[in-house]
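Counted from 1, the sequence shown has number 157 at position 158 by numbering that gives the first Met the number 0; the numbering is strictly sequential. Please read the structure below before turning to the comments.
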Amino acid sequence: MDFKTDNPQEIVKLLSLRGEQAEALRREARKVRLREVGDKVYLRGLIELSNICTKDCLYCGIRKSNPCVNRYTLTPEEVLQAADFAHKEGFGSIVLQSGERRDEAFTCLIEQLVREIMRQSDGKLGITLSLGEQSEDTYRRWHEAGAIRYLLRIETSDPALYARLHPAGHSFEERLDCLRRLRETGYYVGSGIMIGLPFQSTEQVARDLLFLKDLGVDMVGMGPYLEHEQTPLWEHRHLIPSKKERYELNLNALAVLRLLMPHINMAATTAMGTLHPDGRRASLYTASNVLMPNITPTLRRKDYSLYENKICIYDSAQDSFRNIIKIIQEAECSLRLFEQGNPLHRGIPNV
Ligand code: SF4
0 MDFKTDNPQE IVKLLSLRGE QAEALRREAR KVRLREVGDK VYLRGLIELS NICTKDCLYC
60 GIRKSNPCVN RYTLTPEEVL QAADFAHKEG FGSIVLQSGE RRDEAFTCLI EQLVREIMRQ
120 SDGKLGITLS LGEQSEDTYR RWHEAGAIRY LLRIETSDPA LYARLHPAGH SFEERLDCLR
180 RLRETGYYVG SGIMIGLPFQ STEQVARDLL FLKDLGVDMV GMGPYLEHEQ TPLWEHRHLI
240 PSKKERYELN LNALAVLRLL MPHINMAATT AMGTLHPDGR RASLYTASNV LMPNITPTLR
300 RKDYSLYENK ICIYDSAQDS FRNIIKIIQE AECSLRLFEQ GNPLHRGIPN V
C-alpha cells in the first residue's frame, strides 16, 4: 500500500483508515521510526509546578473561572527535590509545566528554579518549559538561565476552531507569534494539537499535521481531547467522537506525523493513556519516542486536572517510573537513561 502525505485530502484518507489498512499504516510508521530515530525512548520527568492560571481556555479543567479547583504552587524545595529524583534516576530531562502567569514574581521564580536545577544537576538535566505565552524578554531570560526546550501547543491550526475553544482575549495570532519568538530565542520548539474535539473535522486534523510540518517543530505532543465537566465545552460533549474512534484517529495521526516528520521527538501522551489502557504502549510502538512520567509530589497531582479521570494521579514518582519501564518493554522499545534525547535536527520552518 502506498501512503501518500502530500496534501490534506491524501492525509484525510490515511486518518480514516481502520482495521487491517490502519494496521498497515502504523506498521509503515514504525518502520520509519526504527530506521530514522531507532527504538529509543527518552524520559522527561513532568513537574506540574502550579495550577494557577490567568487564562480561561474553554476545554481546560484548571481555567481561571473554575471555582472548584484547589489552587497550589509547589515550593522551590518540592520542585528541586523532584528534579533531583529525575536526575538521580537517569531521566535525562524534566518538564516544568504550569498554568499561565506573566507577572514578574513568576518569571523570577522560574528563572531561579532553572538556574538551581542546572546547578544541582551539573548542567546534565535537560530542562523543558511548558508555561504558555510569554514576552520575548521572558523567553530569553529563561533560556539564558538554562532551559533548552519549550512546549507550546497550538491545539488547532484552524483560527475559526481556535476561536470556538477560547474566550475573547485569547489570540491565535499571539500564539503563533510566541512560537516564532521561541524559535528566534534559540529553544527547541515543541507544539501539538488536540484530536477529537467538538466541531473538529478530519480535514482540520489533516491540516494540523501539515501545519506542524510547515512550522518545523522539533517535538510534538498531541493527544485526544478529553472532556471535563467543569468546563464550558462540556455542553458540547455529544459532538465528540466515541472513545474508540478518538483512539483510532489518534494512532493514525501519530503514524502520519512520523511519516511527515521522521526525525522529530514525539510524546506518547498521558491523555492517550487515559483514553485507552493500551494508549501509551500503542503510541510508542507506532511512532512516539518520548514518555513523560509524572514526578509531581503525589499529594498535588489530583489538583492538576486538565481533563477528567487522568491516570497516575495517586502513583508515587517511583511507581510512575516502574510503570513506564513496563510500557516501554511491552512496546518493544529501549529505554535510554542519562541521555537528554534532543531532536536529531533543528526544525526548519516553512512559514
Ligand atoms: S490550557 Fe493552559 S492556558 Fe488554558 S486555561 Fe488551561 S492551563 Fe491555562
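Ideal Cβ placement from N, Cα and C applies to all residues, glycine included. These figures come from a predicted structure and were not determined experimentally.
Cβ distance (whole Å) where residue i is taken to contact residue j below 8 Å
i, j, result
"L95", "L128", "5 Å"
"L357", "A267", "Because the chain here runs from 0 to 350, residue 357 falls outside it and cannot be looked at."
"A82", "S120", "7 Å"
"R299", "Y71", "6 Å"
Nearest residue (CA-CA) to residue i, options the options
i, options, result
"E22", "N341, E247, E331, D277", "E247"
"T201", "A85, G272, R345, N251", "N251"
"N293", "E103, L283, Y284, S304", "S304"
"S190", "V219, F198, A266", "V219"
"L274", "M221, F320, A254", "M221"
"A214", "Y161, L225, R180, E226", "Before going on, a small fix: residue 214 reads as Leu here, not Ala. Measuring from the Cα of L214, the nearest candidate turns out to be R180."
"N69", "D217, F90, C52", "C52"
"A167", "K123, D55, Q229, E135", "D55"
"D217", "H237, P231, F198, R257", "R257"
"A281", "T295, P342, M265", "M265"
"M193", "I61, R245, R236", "R245"
"K39", "G340, R345, P348", "G340"
"N65", "V113, F84, Y306, A85", "Y306"
"L175", "Y71, E132, F198, S315", "E132"
"M291", "V11, L45, E9, P7", "L45"
"P158", "E228, E9, E173, M260", "E173"
"S92", "L42, H169, V255", "L42"
"R101", "T137, G89, P223, F171", "T137"
"G37", "L48, D277, P261", "P261"
"F90", "L196, P348, L334, L14", "L334"
Residue i - DSSP class collapsed to helix/strand/coil
i, result
"L225", "coil"
"R17", "coil"
"Q133", "coil"
"T72", "strand"
"L290", "strand"
"I109", "helix"
"L232", "helix"
"I126", "strand"
"P7", "helix"
"K63", "coil"
"L250", "helix"
"L343", "coil"
"Y58", "coil"
"I116", "helix"
At least three beta-carbon pairs within less than 8 Å, the segment 178-189 to the segment 123-141: yes
Cβ pair count under 8 Å reaching 3, the segment 20-38 against the segment 278-291: yes
Inside the segment 145-221 only - beta strand (DSSP E) runs reaching at least 3 residues: 148-150, 187-190
Segments assigned alpha helix (DSSP H), at least 4 residues, entirely inside the segment 17-51: 18-35
Three or more C-beta pairs below 8 Å linking the segment 147-156 and the segment 196-211: yes
The segment 232-242 in contact with the segment 309-327 per 3-pair CB rule at 8 Å: Result no; under three Cβ-Cβ pairs closer than 8 Å.
Touching by the beta-carbon criterion (3+ pairs, under 8 Å), the segment 161-175 and the segment 314-321: no
Within the segment 80-104, ranges of the alpha helix (DSSP H) (whole runs, at least 4 residues): none
Beta strand (DSSP E) runs wholly inside the segment 252-338, at least 3 long, in chain order: 264-267, 333-335
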